[in-house]
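J.:
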Amino acid sequence: MSLRNQPLDWQVETNNAYIPIYHQGNLVEFFKQEYASEIIKFLNEEEVLKKALKQACTDLIKKMGGDTNKVNYLIQKYVKSSERPKYGTRAIALLLRDRQKELDLSNQEFAKFCDTFKLSPTELNNIYAGEVFDDSLLAPVSRILGITKERLLEVRDGSEKESYV
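In structure tokens:
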């Protein structure tokens with residue numbers, strides 16, 4: 004076999020242009036033109052939102068007469084409460100909401116759907132309220148979500164190191 008027909012390990016592609024991306028004057032990365040604009044737009048929006056959150060927390064602390072040195076603590080508190088829970092009853096409640104959206108059912112229709120799997124509307128509402136549920140509901144909830152009981156147990160009883168489904 005001829006060596007000329009083999010692709011070389013190192014090649015140059017002169018048709019692809021890459022744009023440099025800078026953060027505060029420092030070169031960060033090179034991206035293709037079609038991605039660079041969208042990435043920059045997203046990153047700048049994120050910075051604006053961070054600044055807005057910091058300003059809102061500062062204003063809130065000032066208004067309440069608190070210590071403005073605790074702004075970062077308050078920001079972290081709001082960020083933490085805004086994140087999707089990875090474990091516990093709240094995580095399962097969100098998985099149930101996701102399932103309801105996936106099935107395109109109203110609240111009443113979804114409650115009836117769950118009831119056919121032996122999860123009563125009261126039990127469903129208790130899960131949505133964040134109440135701990137016992138093992139007798141593992142089978143119906145796992146069937147509703149389409150996951151194994153073992154996986155559901157991991158989500159219900161898991162730790163922060165584990166992720167939701």
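Going by the numbering used here, the sequence shown opens with residue 4, and the numbers climb by one from there. Yeah, the Cβ is synthetic: ideal placement off N, Cα and C, and Gly gets one too.
Please state whether the Cβ-Cβ distance between L56 and Y90 is less than 8 Å.
T.: no
J.: Suppose contacts are defined by Cβ-Cβ distances below 8 Å. Is L156 in contact with L148 by that definition?
T.: Result no, Cβ atoms of L156 and L148 do not sit closer than 8 Å.
J.: Around the C-beta of F113, are 16 or more other C-beta atoms found within 10 angstroms, so that it is buried, or is it exposed?
T.: It is buried - the Cβ of F113 has at least 16 other Cβ atoms within 10 Å.
J.: In the DSSP output, what is E32 paired with across the bridge?
T.: I24
J.: Within 10 Å of its beta-carbon, does L247 have 16 or more other beta-carbons around it, so buried, or fewer, so exposed?
T.: This structure leaves residue 247 out entirely; the chain is present only between 4 and 168.
J.: Quick check on the DSSP output: what are the complete beta strand (DSSP E) runs of length 3 or more inside the region 26-91, in order along the chain?
T.: 29-35
J.: Between which two residues does the alpha helix (DSSP H) holding N110 run?
T.: N110 to T119
J.: Between the alpha carbons of I22 and K54, how many angstroms are there, rounded?
T.: Going from the Cα of I22 to the Cα of K54 covers about 27 Å.
J.: Would you kindly work out how many angstroms separate the C-alpha atoms of L11 and N18, rounded to a whole number?
T.: Near 18 Å, if we compare the C-alpha coordinates of N18 and L11.
J.: In angstroms, rounded to a whole number, what distance separates the CA positions of N129 and D138?
T.: 14 Å
J.: By how many angstroms is the C-alpha of Q9 removed from the C-alpha of E163?
T.: Caution applies to E163, whose pLDDT of 46 falls short of 50 and renders its modelled position unreliable; the value that the coordinates give is listed next. Roughly 49 Å between the two C-alpha positions.
J.: From V15, I24 and D160, pick the residue whose C-alpha is nearest to that of K35; which is it?
T.: I24
J.: Return helix, strand or coil for V158, following the three-state DSSP convention.
T.: helix
J.: Pick helix, strand or coil for A94, following the three-state DSSP scheme.
T.: It is helical.
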